[in-house]
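S.K.: 170 is the number of the first residue of the sequence shown in this note's numbering; add one for each residue after it.
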Amino acid sequence: MSTEVRQILDVEGELLGESPLDLNEVQRLYQAMLSARVYDHKASAMQRQGRLATYASFEGQEACQIGSVAPLQRSDWVVGTYRDAGAMWFHGYTWRNLILGRTGDERGGAAPQGVRVLPPSITVGGHMIHAVGLGWGERLQGSDGVVLTLFGDGATSEGDFHEAMNFAGVFKTPTVFFCQNNGWAISMPRERQTASATIAQKADGYGMPGVLIDGNDLLAVYEATADAVARARRGEGATLIEALTYRMSSHTTTDDAGRYRSDHEVEGWRHRDPLERVRKYLAANDVWDQAWQSQIEETESQRVEAAVAEAEALEPFTPAEMFGAMYERSTVQLDEQLADAERHA
Ligand SMILES: Cc1ncc(C[n+]2csc(CCOP(=O)(O)OP(=O)(O)O)c2C)c(N)n1
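1. Report the CB separation of Tyr251 from Ile291 in whole angstroms; it is logged as a contact under 8 Å.
2. Could you give the DSSP three-state label for Thr394: helix, strand or coil?
3. Out of curiosity, what's the CA-to-CA distance linking Glu467 and Arg206?
4. Which whole runs of the beta strand (DSSP E) in the stretch 270-302 are 3 residues long or more, in chain order?
5. If you check the beta carbons only, do Tyr429 and Gly229 fall under 9 Å apart?
6. What are the uninterrupted segments assigned as beta strand (DSSP E) that are 3 or more residues long and contained completely in the stretch 315-392, given in chain order?
7. Going straight from the alpha carbon of Gly437 to that of Tyr496, what length do you get?
8. Throw me the rounded Cβ distance for the Ala300 and Thr344 pair, which I believe falls under 8 Å.
9. Measuring CA to CA, which of His420, Pro378, Leu317 is closest to Ile139?
10. Would you say the beta carbon of Phe320 is closer than 8 Å to some non-hydrogen atom of ligand 1?
11. Determine, using beta carbons only, whether Thr394 and Pro289 come nearer to each other than 9 Å.
12. If I follow the unbroken beta strand (DSSP E) through Ile410, where does it start and stop?
13. Buried or exposed: which applies to Pro281, given that a residue is buried once 16 or more other Cβ atoms fall within 10 Å of its Cβ?
14. Since Phe227 and Gly261 are thought to touch, with beta carbons under 8 Å apart, how far apart are those beta carbons, to the nearest angstrom?
15. Hey, is Tyr224 close to ligand 1, as in C-beta under 8 Å from one of its heavy atoms?
16. What residue range is occupied by the uninterrupted beta strand (DSSP E) comprising Trp457?
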C-alpha cells in the first residue's frame, strides 16, 4: 500500500480537495471538538485539585475522536480506551459518568440506557477483541450495525490486536479499527513500537484495506471513517485506519512527558492543532466569530460543571454494591472478600 498521508484540510485551513461535509456540518463538528476540549481541560484541572484520580488527556486528538464517530448511526457501537472520552461522549456517554469513572466509582462504567458505548478499556488492546465480537454478533443477528474501535500505536504490539484483526479479516466482521498513532506509548516512541513503515500497512496481512490519514484533519478523518463504515455496513468487512496525531499533554497526570519528548517536537505539533485549522476554515467562510466561540465555551463549561456537581453529590459507592456488580450470583471468594472489605471500612 501507499505510504502517502491523506489530507483534505491543511494547517492553514485551506481545502486541498473536496470537502466531504457541508459548512453546517463542519460547524457542528467544530462545536463538538471545542466542547470536548473544554471537558478535557476541566478534567485535567480537577485531577490537580485532587477531585479525580489519574486522568489521561486527549488534547490534540479531538479531530480523531469527533471525526471518527460522526459517520456512525446511534445503533452502531463505540469501543475505546481511557483516552477516548471525547469519542465516547459524542456517541452518547455522559460527562457525569466519565467523571464518575475517573473518581474510581464503578457506576461510571454503566452507559446510559440505549447508548452503545462500552466502558473505557484500561487494558491496552483487550477491547479490540470485544469490538470484533460485538460486530460479529450484530452480523449473526442479521443487523447491519457497525463497531468503531479506537486504540493507540502501542496497542498494535499486543497479541490482542493481531487476534482481533485476524478474526475480523477471516469473518469479515463490520469493524472499523481506528488507530490514533500519537507517536508515543507512554515513553516508548513509535519507531521502537514496530519496524513496519506504517501501521496502516499491517492491514495487508489480514486481508483488509489499510488507510493512512492526517489525524489532525477533521475532514480526512471523517472521510476515511465514513468510507470504512459504509464498507462494513455493506457486509464487505473491516478496515484499518491509521491516523497520525499527537497527544499534547503527558501520557496521564502521573507522567512527565518532558522527560522523554523535546519542547521542539511538542511545539511543532502545536502548529498542527486540529481545532485551529477548522476554525480558520470556518472563519474564511464567514461562519465563525469569537462571540460564537466564547458562547460555546461558556455553555459547555457550565454543562461540565453541572455534571461534576451531580457526580460529586452521589452517595459513595459501598463495598457491597461494588462486589454485587461483578456477577449475577456471588461466589464464596467474593463473599469472603466483601466481608474483609467491610471489616476494614
Ligand atoms: C495489557 C496492558 N499492558 C500495559 C499497560 C500499561 N499501559 C497503560 S497505557 C500504555 C501505553 C499505551 O499506548 P498507546 O496504545 O499508544 O495509547 P496512548 O496511551 O498513547 O493513547 C501502557 C503500556 C496496560 N494498561 N495494559
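Glycine included, each C-beta is placed from N, C-alpha and C at the ideal position.
M.R.: So, from the data block:
1. Right, their Cβ atoms sit about 5 Å apart.
2. In the structure shown, Thr394 sits in a helix (DSSP, three-state: H, G or I).
3. Approximately 12 Å, taken between the alpha carbons.
4. Within the stretch 270-302, no complete beta strand (DSSP E) run reaches 3 residues.
5. No; because the gap between Cβ atoms is not below 9 Å, this pair is not in contact.
6. Within the stretch 315-392, the complete beta strand (DSSP E) runs of at least 3 residues are 316-321, 344-350, 379-383.
7. Answer to the nearest angstrom: the Cα atoms are 49 Å apart.
8. Sure, about 6 Å apart at Cβ, within 8 Å.
9. The displayed coordinates of the chain run from 170 to 514. Any statement about residue 139 would go beyond what the structure contains.
10. At least one heavy atom of ligand 1 is nearer than 8 Å to the Cβ of Phe320, so yes.
11. No, they are not a contact pair.
12. Taken as a continuous stretch (DSSP letters only), the beta strand (DSSP E) holding Ile410 covers 408-413.
13. Classification for Pro281: exposed.
14. Contact between Phe227 and Gly261 does not hold, since their C-beta atoms are separated by about 17 Å, which reaches or exceeds 8 Å.
15. In this structure, ligand 1 has no non-hydrogen atom nearer than 8 Å to the beta-carbon of Tyr224.
16. It is not in any beta strand (DSSP E) - Trp457 carries neither H nor E in the DSSP assignment.
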